[in-house]
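Trainee:
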Amino acid sequence: MTGPAPRVLPALLAAKPGGGRRRVARRRLGLRSAGWLGVLAVAVAWQLAALALHRPTLPTFTTALAAVGQVVTGPALTADILPSLARTLIAFAIAGAAGVIVGLTLGYVRSLGDYAVAVIDFLRSVPAPLLIPLAIVLLGLGTPMVVAVVAAAAVWPVLINAFDAARRTEPLYLDTARSCGIRGVSLLRIVLLPAALPMVLAGLRIALSTCLAVLVVAEMLGASSGIGYFIQGAQQTFQIPQTYAGILVLAGVGWLFDTMFLLAEHRLLRWEPAVARGRHA
Amino acid sequence: MPEPPFLSVVGVSKSLTSADGRVLPVNRDVTLTVRPGEFVSIVGPSGAGKTTLLRTLGGLTTPDSGTVRHRGEPTRGVPSWLSMVFQEYNKTLFPWLSVRKNVRLAVRHIPRAAADLRIDEALAQVGLADFADHYPWELSGGMQQRVALARAMASQPELLLMDEPFASVDALTRAKLEDMVLALWQQAGFAAILVTHDIGEAIYLSDRVLALSGRPSTILSEVRVDLPRPRSQSVTRALPRFHELSSRLLALVEHAGQEGREHDGQGRADAGDQR
């Protein structure tokens, strides 16, 4: 039996080899020269403003950068930076797993989801820092409290995106899965999660930045280590360059996380036509 | 006692509830039988509930009343002895799975080595052996529908249910797909039920064509297709008999479109004893 001749668009096949993928990855990493020029311009402006104003509350960019060097090579690395990284990753993992599983399940089981909507909307309206006093009462000071608060804040963007995506799963995907006898956890793994993945990843990316924002607040109020604790300590002991350095370190951590996240996202979504063709924003 | 029929559908009625809560009767008292290895098409005016009927047969919905029996046994859930092919191939192939992995979904229950053999065989049958590692969206529409066909074949079904499987491809591809289905059918010996609004296609492929009334639909009548096999697009479609059957069915369907709503659901098609 001879079928119709393959009519594959050459452009699609051309997008397969690694060259295009690498180019895309590089662009998504923000390594374009224009991006670096922007960063440089801000650094220069900071430097000039600090030199012109000459205030003790505004060190020069180079002074702050030197302080960053001291901080990341000094005792603060193991005492504060690494604990913050660990807390963020643990809380992110908890929030991500819980958000995906609960969100997809509530989205797929429509009747259950109808009950859950009001509860979800109520709970996510609670600003996370408001939970810190309660969390301190329940869990005491320290890492478990910080992780709990951060995870409680970060779970919502994941859960809501997973919920919406599961609700909007293409009905024919579900029919097809059923006619192939795919049910239960298999359905979640083979169909619901991959179909929801673009939206889930968007939610996870927001969750990651939420993690860092809530982390520092929780560390300032209820921990004796971490970048938030460090920044607060530096400020209270009038170590102004260190205070700036803490902020820069946190910004660097945020940038690093986001960059790693985008790389992972690109890898996970490489089946998406838009990603494979290199048009993904 | 006579052997129970391969597939018997008795008095199946189904209503659907629309988004605003209105109950819409879709199928009313549908009765039909299918013999093993028989090719049956169901034609009817658009909106007659052809897809709903097929979904009921495939176990994707349960009828409000009536029974579907396979060799005398009432069917429950989605039976493992049938496969389905839908119109919208781009929504039934999972874009995150390669062609091979899409086909594998149909043979998840059998051991890996045996499954691999079935997958290779099914892809070869539809002429896509070289495209196993491509993603579906890298293929043309006709090729994607062949992947769906390969997936349906891989589970070696006794019955293939097809819901307008060729409606979304161009005419030339469509003719080739029809011939591919015929070849597979002749080779593998499964029974087939094809839902289509294309009367020519129904006649070209089938042993028997059932005409459905307008909604709520029931089977108005059946037309036996006594055209010789093997069939070919150029020869079969040029036969005078082809045009006779075609006109008869067209008249039936047009009539159904006008008067379907007044129909009281007495229509029956029980091909088993009308040979």
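Chains as they are written, first to last, in the working numbering: chain G, 21 to 301; chain C, -13 to 261. Yeah, the Cβ is synthetic: ideal placement off N, Cα and C, and Gly gets one too.
Going along chain G in order, which residues have a C-beta closer than 8 Å to the C-beta of H241/C?
Mentor: Neighbours of H241/C on chain G: none; closest Cβ ~32 Å, over 8 Å.
Trainee: Please report whether the beta-carbon of V211/G lies at a distance below 9 Å from any beta-carbon of chain C.
Mentor: It does; some Cβ of chain C falls within 9 Å.
Trainee: On a Cα-Cα basis, can you pick out the residue from V93/C, E208/C, V89/C and P143/C that is closest to F117/C?
Mentor: When only C-alpha atoms are compared, the closest one is V89/C.
Trainee: Output the boundary residues of the beta strand (DSSP E) element that contains R210/C.
Mentor: Note, R210/C: beta strand (DSSP E), I205 to R210.
Trainee: Suppose only complete runs of 4+ residues qualify. What are the alpha helix (DSSP H) ranges in the region 209 to 257 of chain G, listed by chain order?
Mentor: Within the region 209 to 257 of chain G, the complete alpha helix (DSSP H) runs of at least 4 residues are 213 to 242 and 247 to 256.
Trainee: Using a Cβ-Cβ distance under 9 Å, would G175/C count as near chain G?
Mentor: Chain G, which has no Cβ nearer than 9 Å to the Cβ of G175/C, makes this no.
Trainee: Identify the continuous beta strand (DSSP E) that holds F176/C and give its terminal residues.
Mentor: Note, F176/C: premise wrong, no beta strand (DSSP E); not H, not E.
Trainee: Helix, strand or coil for H120/C, going by three-state DSSP, please let me know.
Mentor: H120/C: coil per DSSP, three-state reduction.
Trainee: On the premise that P79/G lies in contact with A70/G, defined as a C-beta separation below 8 Å, what is that separation, rounded to the nearest angstrom?
Mentor: So it is a contact: roughly 6 Å between Cβ atoms.
Trainee: Would you list, in sequence order, the uninterrupted beta strand (DSSP E) runs of no fewer than 3 residues that lie entirely inside the region 83 to 152 of chain C?
Mentor: Whole beta strand (DSSP E) segments, 3+ residues: 145 to 149.
Trainee: When DSSP labels each residue in this structure, what does G52/C get in the three-state scheme?
Mentor: G52/C: strand per DSSP, three-state reduction.
Trainee: Near R43/G, what residues of its chain come up, given a Cβ to Cβ distance below 6 Å and the 5 sequence neighbours on each side ignored?
Mentor: Since pLDDT at R43/G reaches only 48, below the 50 mark, its modelled position is unreliable, and no value is offered.
Trainee: Could you tell me whether the Cβ of A108/C comes closer than 9 Å to any Cβ of chain G?
Mentor: Taking Cβ atoms only, chain G never reaches closer than 9 Å to A108/C, which makes this a no.
Trainee: Starting from the N-terminal side, write out each stretch of the alpha helix (DSSP H) that is 4 residues or longer and does not extend beyond the region 182 to 236 of chain C.
Mentor: 185 to 191 and 219 to 222, all fully within the region 182 to 236 of chain C.
Trainee: Just to confirm my understanding: we take Y75/C, look at its own chain, exclude 5 residues before and 5 after, and list those with CB closer than 6 Å. What are they?
Mentor: Contacts found: Q130, Q131 and A134.
Trainee: Just mark M280/G as buried or exposed, buried being the case when its beta carbon has 16 or more other beta carbons within 10 Å.
Mentor: The residue in question, M280/G, is exposed, as its Cβ has fewer than 16 Cβ neighbours within 10 Å.
Trainee: Can you find a CB in chain C that lies within less than 9 Å of the CB of G127/G?
Mentor: False, the Cβ-Cβ gap to chain C never drops below 9 Å.
Trainee: Would you report the Cα separation of D193/C and D184/G, rounded to the nearest angstrom?
Mentor: Cα to Cα, the separation comes out at about 46 Å.
Trainee: Go through its chain and collect everything with a Cβ distance to L40/C's Cβ below 6 Å, but skip five positions before and after it.
Mentor: L147, D149 and V181, listed in sequence order.
Trainee: Determine whether the Cβ of R41/C lies closer than 9 Å to any Cβ atom of chain G.
Mentor: So, interface residue.
Trainee: When Cβ atoms are compared, which residues of the region 175 to 207 of chain G fall closer than 7 Å to chain C?
Mentor: So the close ones are E190, L192, Y193, D195, T196, R198, S199, C200, G201 and I202.
Trainee: If you measure beta-carbon to beta-carbon, which residues of the region 99 to 124 of chain C are closer than 9 Å to chain G?
Mentor: Residues passing the 9 Å Cβ filter: Q111, V112, G113, L114, D116, F117, H120, Y121, W123 and E124.
Trainee: Here's the rule I'm using: 16 or more other beta-carbon atoms within 10 Å means buried, otherwise exposed. How should V146/G be labelled?
Mentor: Flag for V146/G reads exposed.
Trainee: Checking contacts by CB at 9 Å: is V64/C closer than that to chain G?
Mentor: So, interface residue.
Trainee: P143/C: buried (16+ other C-beta within 10 angstroms of its C-beta) or exposed?
Mentor: Buried is the call here.
Trainee: Classify E240/C as buried or exposed, calling it buried when 16 or more other Cβ atoms lie within 10 Å of its own Cβ.
Mentor: When all chains shown are included, E240/C counts as exposed.
Trainee: Of all the options I247/G, E285/G, R209/G and F277/G, which has the alpha carbon lying nearest to the alpha carbon of L83/C?
Mentor: Selected option, being the one with the closest Cα: R209/G.
Trainee: Would a check of beta-carbon distances place G44/C closer than 9 Å to chain G?
Mentor: Taking Cβ atoms only, chain G reaches closer than 9 Å to G44/C, which makes this a yes.
Trainee: Do D15/C and G33/C have their beta-carbon atoms positioned less than 9 Å apart in this structure?
Mentor: Not in contact: G33/C and D15/C (Cβ atoms no closer than 9 Å).
Trainee: Spell out whether any CB of chain G is found under 9 Å from the CB atom of L91/C.
Mentor: Closer than 9 Å: yes.
Trainee: According to DSSP, is P60/C part of a helix, a strand, or is it coil?
Mentor: P60/C falls in the strand class under three-state DSSP.
Trainee: When every heavy atom of the ligand NAP is checked, does at least one fall within less than 8 Å of the C-beta of V237/G?
Mentor: As for the ligand NAP, it is missing from this structure, which has no ligand bound.
Trainee: P164/G by DSSP, collapsed to three states: which one?
Mentor: P164/G falls in the helix class under three-state DSSP.
Trainee: Does the structure place the region 102 to 110 of chain G close enough to the region 167 to 177 of chain G that three or more beta carbon pairs sit under 8 Å?
Mentor: Yes, the region 167 to 177 of chain G touches the region 102 to 110 of chain G.
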